[in-house]
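So for the sequence shown, the UniProt record's numbering puts the first residue at 1; every next one is plus one. We put the beta carbon where it would ideally sit given N, CA and C, even for glycine. Data first, discussion second: the structure below is written as structure tokens.
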Amino acid sequence: MDIPEEIRDDLESRANVVGTCRGPKRVRGQATGEEVIVVLVSRKLPESHLAETDRIPAEIEIDGQRVRTDVQEVGDVRTQATASRPAAPDRKGRFRPAPAGVSLGHPEITAGTLGSPALETEDGRTVVLTNAHVAAPVGVAETGDDILQPGPADGGREDDALGTLAAFSEISSDEPNTTDSALVEVDPGDVRDTVLGVGPFAGFTDAGTDATYTKSGRTTGVTTGDLRGRDVRIRVNGYHDEPTLFTGVDLFGPMSAGGDSGSLIGVVDGGFRATHLLFAGSDRATIAAPMDAVEAEHGELTPVGGGDDGAGSGGGDDPAGDDGSDGDASLRAAVERRLVDAYGVGTVSPASDVAFRVAGPVPMVVALASTAEAAPAAAGRALAAADAGTVPVLAYPATVEDETVDRLGARLTLLPVATE
Numbered sequence: 001m002d003i004p005e006e007i008r009d010d011l012e013s014r015a016n017v018v019g020t021c022r023g024p025k026r027v028r029g030q031a032t033g034e035e036v037i038v039v040l041v042s043r044k045l046p047e048s049h050l051a052e053t054d055r056i057p058a059e060i061e062i063d064g065q066r067v068r069t070d071v072q073e074v075g076d077v078r079t080q081a082t083a084s085r086p087a088a089p090d091r092k093g094r095f096r097p098a099p100a101g102v103s104l105g106h107p108e109i110t111a112g113t114l115g116s117p118a119l120e121t122e123d124g125r126t127v128v129l130t131n132a133h134v135a136a137p138v139g140v141a142e143t144g145d146d147i148l149q150p151g152p153a154d155g156g157r158e159d160d161a162l163g164t165l166a167a168f169s170e171i172s173s174d175e176p177n178t179t180d181s182a183l184v185e186v187d188p189g190d191v192r193d194t195v196l197g198v199g200p201f202a203g204f205t206d207a208g209t210d211a212t213y214t215k216s217g218r219t220t221g222v223t224t225g226d227l228r229g230r231d232v233r234i235r236v237n238g239y240h241d242e243p244t245l246f247t248g249v250d251l252f253g254p255m256s257a258g259g260d261s262g263s264l265i266g267v268v269d270g271g272f273r274a275t276h277l278l279f280a281g282s283d284r285a286t287i288a289a290p291m292d293a294v295e296a297e298h299g300e301l302t303p304v305g306g307g308d309d310g311a312g313s314g315g316g317d318d319p320a321g322d323d324g325s326d327g328d329a330s331l332r333a334a335v336e337r338r339l340v341d342a343y344g345v346g347t348v349s350p351a352s353d354v355a356f357r358v359a360g361p362v363p364m365v366v367a368l369a370s371t372a373e374a375a376p377a378a379a380g381r382a383l384a385a386a387d388a389g390t391v392p393v394l395a396y397p398a399t400v401e402d403e404t405v406d407r408l409g410a411r412l413t414l415l416p417v418a419t420e
């Protein structure tokens, strides 16, 4: 179903309406199978508080068919580079090589998110992806500017430059925009081919409204949400004096906060497969541009291998961390998925030789090795980086009674990890 422009114009001229899209009708927060015209409002008000001309009709005729409407509250939708909250643990440090999902920003902003691992452009440059308002703030940025990791709000300074601004979408105040995106040219060895807390990057894909979507961002870490509307036309605050119009973007449930701008949204299927670039949101919704729109702006972007993905690689404030050659990317991903399933979140630790630091109901540090024989040494190095009295250390794998298992320590039960 396409929504004619004149219908959008009429609906969006009404008080409190900030946008329109097509999507499933929602009843008591749950999606139904009926596709409707979704009318996005900053605040849902009783009809009695609205003038007759501002009320949304229950049905609208399109090409001779009656199509129902659904009014959904999205709050104050705005750019999310401003660091409205402190960064999630282990995401505001200096990472080299840097995974997707950590703090990043132009020197003239606060902080946003490093969106992607290394990508190759059509002309052969190696870049990472984020938002234009993160790497190229309106009116102050030029190509060639240094881009800092971490961003300034998280302590980034001149010597923390990860790369330079290579290209960005101009955000117009007069014409509709289709993407808010920027490319930062980097040395491939300075970035990892993983998405922090999610797993290996597996490229781009498309997915439907039934999928569970995941993002990894500087402020809220790993979150999930649902796709609630496609072909969104919406006005977004934060770019110019007046709200800025975007078209052809998509609407997700709330899964972001200030500082998460620049994150990729995608599905986990044999790795993380990106579908969208997050650029705006509120406490009730997240707005993202489809990757098709991003590539229409910048040309085809092809994933390339990044820096060593082994356990510990100079994350956090330790830029000279070990190479982490004990770790294998697929094994790391399997262990991390199991930790996320069991404890809700798994994040790369800033300490050298520590594969993951888990901040959940049972905090722990994980040292990852390729064999049970190597695990004790990895665990020993992890113990030196953690307070073993309060934070248990898991060495993966470990040998107990001639069987290779995961050992969490005396105070915790064994945690089985699926590696296939």
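| Check | Outcome |
| --- | --- |
| Flag this pair as touching only if the segment 107 to 121 and the segment 189 to 202 have three or more C-beta atom pairs under 8 Å; answer yes or no. | yes |
| Just to confirm before moving on: does the CB-CB distance between T164 and E185 stay below 8 Å? | yes |
| Quick one: is P4 buried, meaning 16 or more other Cβ sit within 10 Å of its Cβ, or exposed? | exposed |
| Kindly identify the DSSP beta-bridge partner or partners of H276. | P290 |
| Measure the CB-CB distance between N16 and S48 and report whether it falls below 8 Å. | no |
| Look at the alpha carbon of V71 and the alpha carbon of V232, and state the distance between them as a whole number of angstroms. | 14 Å |
| In the DSSP assignment, what residue or residues form a beta bridge with G266? | T214 and A274 |
| Alpha helix (DSSP H) containing L11: first to last residue? | E5 to E12 |
| Under a three-way DSSP split, which group does P152 fall into? | helix |
| Can you tell me the Cα-Cα spacing of A398 and D226, whole angstroms? | Because the pLDDT at A398 is just 45, under 50, the model does not fix this residue reliably, and the value given afterwards should be weighed accordingly. For A398 and D226, the distance between alpha carbons rounds to 38 Å. |
| Can you tell which of Q30, D241 and D9 has its C-alpha closest to the C-alpha of V39? | D9 |
| Quick check: what's the CA-CA separation for residue 439 versus E6? | Residue 439 lies beyond the range of the chain shown here (1 to 420); nothing can be said about it. |
| For R43, which residues does DSSP report across the bridge? | Per DSSP, none; premise fails for R43. |
| Tell me whether the beta-carbon of R284 lies closer than 8 Å to the beta-carbon of G75. | yes |
| Looking at C-alpha atoms only, which residue of D241, G217 and L277 is the closest neighbour of D90? | G217 |
| Restricting to Cα atoms, I'd like to know which of F95, Q149, A100 and Q65 is closest to V36. | Q65 |
| Just how far apart, CA to CA, sit E61 and R26? | 20 Å |
| What residue range does the beta strand (DSSP E) around V134 cover? | V134 -> not in any beta strand (DSSP E); alpha helix (DSSP H) instead, spanning A132 to A135. |
| With DSSP as the reference, label E170 as helix, strand or coil. | coil |
| Less than 8 Å between the CB atoms is what I'm expecting for V304 and P188, so what's the real figure, rounded? | 6 Å |
| Going by the DSSP bridge assignment, what does S103 pair with across the sheet? | T113 |
| In chain order, what residues of the same chain lie with their CB nearer than 7 Å to the CB of T20, ignoring the 5 residues before and after it? | I3, R8, L11, E12, I37, V38, V39, L40 and R233 |
| So, with DSSP's three-state summary, where would you put residue 422? | In the structure as shown, the chain starts at 1 and stops at 420, and residue 422 therefore has no counterpart that could be examined. |
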